[in-house]
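See below for the structure under consideration.
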Amino acid sequence: MGLFSFFRKENKQPPVSLRDRGILVFENTSEVIGAENVLKKGGWRIRVMGPPPEIRTGCDLVIEFPLVSELEIVRTLEEAEIMPLQVVAVSDGLLEPVNVFFTTDYGDFLMVQAANMKITVDKRDLTVVNISGGGCPDVPYLAAQMVGRRLDQVPEPRSIGHTLCGYSLQLAFEEITRKCLP
Amino acid sequence: MFALVGTVPEHDFPLVCGQARVSEQNLLIDNHCVAVNRGTPALLATAAKACAFFGADPPMAYLAGDIGRGGGSRKVYAYLEQILGQCRYESITFHYIQPDVDWHNRVLFAVENMHPRPVLIADAGFMYAAKMSGQAAAYDVFTPDMGELAFLADPEAPHPFYTRGFIFHEPYRAKELIASAYAHGNASRYLLVKGKTDIAADENGISDTVSQPVVPAMEAIGGTGDIITGLIAAFTGLGKDPLTACIQASAVSRLAGKLANPDPGTRVMDIIEQIPDALKRFFEEK
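Chains A and B are the protein sequences, given in the same order.
Just so we're aligned, residue 1 is where the first sequence starts under this note's numbering, counting upward by one.
Just so we're aligned, residue 183 is where the second sequence starts under this note's numbering, counting upward by one.
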């Protein structure tokens, strides 16, 4: 299961009470992605979310976690050398990331859109032919690294991206991979 | 003279300020050569092509390398904060920059010291920061696509990644989303919403639409939105009013797309190469 499929599965689970949840705030999105990898490998039930208004700076993600496990989670992150800037209880609603995909079939080409990012693949040889949308600076970089390579040989956006646009592209990448690769 | 501000997707590209020219498939700025794939290089190449067509001075570029960590963006922000008060531009277009509300505010403050005040255009990451700052109304033009329009319409969303039920693939909702963006103070003086039909709007609603020629493959091609914004930058920089610039940029970019006869795998430079011909045809017809 892809890392980001978590969001889609989460919709089918009972709603989570926010009273027993906390959020981990990091310096940048790259650290959020790294912490998410570490904590999910450890089996923690966490979610990557949008921050509450009082701590937004512009292009942010936070990790929502079970507050009761704060000590162990922070220790796990310390061991991985990914230290959060803040650990706070959830006092306001967090924003849900996008979980809807749109697909356009151009015949020989297939395009998948997640949030503001689109990825297009040539169905004949599974080459990534275009990446469009987005506004953060890693988007042109991701496009430069991915376009022209086969879908099963490209670096995943989560491994080289740093921003929310990179995160959106990961979602689109996982969806188009699911559609195109057996 | 007009200025374009953004980043290039190279980690070690230095802070550069200089006039941008196109040579073959590359962009030349202050002895630096940049490949034109998409993003700010596509914006600059488009504007440079338009300037060359009209016999005008090339656009001034403010660039640094940034692959998403934000370091290059902060260099650009910091430099602009220092120098804009001494600059004179007809328009400034802000583009692929790491969204950062604090730095955005410092740059906008520096713009307020410019006399005369330039036309301000924001797209991509800088538009996200402008909306988040609550100072969208200080801008003359935003150029969102439908997903970004949903983000502008949502008073809570800090990034298009969070759509909160705004189904952005429903173009018939554009009127509603535009109204919401203006009602919450999250829109510039004019909006050009890029899509299957390009929509120009202001606080009174939709004023103009451009839907011809239809080139469906352009939606998949990275950088086609940058072409539109680059043309708006050039047209305002050459003295056109922002609304006219938006409408003409939309039409010319569609014409360039048609001339390139693209498929979804076409590279944006193949369309940019058609801009002089598209400009010639558009203004000859007018």
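C-beta atoms are modelled at their ideal positions from N, C-alpha and C, and glycine is treated no differently.
Cα-Cα, which of the options is closest to residue i?
i: residue 414(B); options: 443(B), 318(B), 461(B) and 219(B); result: 461(B)
i: residue 448(B); options: 402(B), 468(B) and 467(B); result: 402(B)
i: residue 187(B); options: 271(B), 443(B), 206(B) and 337(B); result: 271(B)
i: residue 370(B); options: 194(B), 322(B) and 291(B); result: 322(B)
i: residue 310(B); options: 269(B), 298(B), 202(B) and 339(B); result: 339(B)
i: residue 217(B); options: 183(B), 467(B) and 454(B); result: 454(B)
i: residue 61(A); options: 38(A), 71(A) and 31(A); result: 31(A)
i: residue 29(A); options: 82(A), 117(A) and 45(A); result: 82(A)
i: residue 34(A); options: 161(A), 126(A) and 22(A); result: 161(A)
i: residue 237(B); options: 336(B), 327(B), 420(B) and 208(B); result: 420(B)
i: residue 123(A); options: 50(A), 179(A) and 46(A); result: 179(A)
i: residue 392(B); options: 324(B), 412(B), 433(B) and 417(B); result: 433(B)
i: residue 251(B); options: 280(B), 306(B) and 329(B); result: 280(B)
i: residue 195(B); options: 185(B), 208(B) and 215(B); result: 215(B)
i: residue 46(A); options: 133(A), 23(A) and 27(A); result: 23(A)
i: residue 425(B); options: 435(B), 444(B) and 373(B); result: 373(B)
i: residue 228(B); options: 275(B), 255(B) and 258(B); result: 275(B)
i: residue 121(A); options: 167(A), 115(A) and 110(A); result: 110(A)
Kindly indicate the opening and closing residues of the beta strand (DSSP E) around residue i.
i: residue 64(A); result: 62-66
i: residue 22(A); result: 21-25
i: residue 76(A); result: From DSSP, residue 76(A) is part of no beta strand (DSSP E) but of the alpha helix (DSSP H) over 70-79.
i: residue 190(B); result: 185-190
i: residue 47(A); result: 47-49
i: residue 274(B); result: 273-276
i: residue 327(B); result: Neither: residue 327(B) is in no beta strand (DSSP E) and is coded neither H nor E.
i: residue 279(B); result: First-last for residue 279(B): undefined, no H or E at that position.
I need the boundaries of the alpha helix (DSSP H) containing residue i, first residue and last residue.
i: residue 432(B); result: 424-442
i: residue 203(B); result: Note, residue 203(B): premise wrong, no alpha helix (DSSP H); beta strand (DSSP E) at 198-205.
i: residue 412(B); result: 406-419
i: residue 465(B); result: 457-467
i: residue 304(B); result: Not the alpha helix (DSSP H): residue 304(B) falls in the beta strand (DSSP E), residues 301-304.
i: residue 30(A); result: 29-41
i: residue 292(B); result: 283-293
i: residue 450(B); result: 450-454
Does any CB atom of chain B fall closer than 7 Å to the CB of residue i?
i: residue 120(A); result: yes
i: residue 115(A); result: yes
i: residue 152(A); result: no
i: residue 164(A); result: yes
i: residue 23(A); result: no
i: residue 131(A); result: yes
i: residue 159(A); result: no
i: residue 148(A); result: no
i: residue 9(A); result: Note that residue 9(A) scores 33 on pLDDT, short of 50, meaning its location in the model is unreliable and no value can be drawn from it.
i: residue 144(A); result: yes
i: residue 155(A); result: no
i: residue 3(A); result: Confidence is the limiting factor: at residue 3(A) the pLDDT is only 34, short of 50, which leaves the residue's position unreliable and the question unanswerable from this model.
i: residue 34(A); result: no
i: residue 6(A); result: Residue confidence is low: residue 6(A) scores 32 on pLDDT, short of 50, so the model does not pin down where it sits. Its coordinate-derived value is still stated next. Output row for residue 6(A): interface = no.
i: residue 106(A); result: yes
i: residue 46(A); result: no
i: residue 16(A); result: Unreliable positioning characterises residue 16(A) in this predicted model, as indicated by a pLDDT of 46, which lies under 50. The coordinate reading is nonetheless provided below. Chain B, which has no Cβ nearer than 7 Å to the Cβ of residue 16(A), makes this no.
i: residue 83(A); result: no
i: residue 101(A); result: no
i: residue 52(A); result: no
i: residue 109(A); result: yes
i: residue 138(A); result: yes
With a threshold of 7 Å between beta carbons, is residue i in contact with chain A?
i: residue 248(B); result: yes
i: residue 341(B); result: yes
i: residue 316(B); result: no
i: residue 244(B); result: no
i: residue 189(B); result: yes
i: residue 354(B); result: no
i: residue 464(B); result: no
i: residue 304(B); result: no
i: residue 207(B); result: no
i: residue 280(B); result: yes
i: residue 424(B); result: no
i: residue 372(B); result: no
i: residue 436(B); result: no
i: residue 446(B); result: yes
i: residue 414(B); result: no
i: residue 220(B); result: yes
Which runs of the beta strand (DSSP E), 3 residues or longer, sit entirely within the stretch 98-176 of chain A? 101-105, 109-114, 117-122 and 127-133
For a minimum of 3 consecutive residues, which ranges assigned as the beta strand (DSSP E) are wholly contained in the stretch 329-377 of chain B? 372-375
Stretch pair the stretch 224-234 of chain B + the stretch 372-391 of chain B: three plus CB contacts closer than 8 Å: The answer is no - the stretch 372-391 of chain B does not touch the stretch 224-234 of chain B, with fewer than three Cβ pairs under 8 Å.
Pick out the complete beta strand (DSSP E) segments inside the stretch 200-258 of chain B, 3 residues or longer, and give them in chain order. 208-211, 214-217 and 242-247
Would you call the stretch 240-253 of chain B in contact with the stretch 198-207 of chain B, where contact means no fewer than 3 C-beta pairs closer than 8 Å? yes
Does the stretch 389-399 of chain B come close enough to the stretch 426-441 of chain B to have 3 or more Cβ pairs within less than 8 Å? yes
Evaluate contact between the stretch 104-112 of chain A and the stretch 63-82 of chain A, counting only Cβ atoms and requiring at least three cross-stretch pairs below 8 Å. No, the stretch 104-112 of chain A is not in contact with the stretch 63-82 of chain A.
Taking 8 Å as the cut-off, does the stretch 132-141 of chain A touch the stretch 278-293 of chain B (at least 3 CB pairs, one atom from each stretch)? yes
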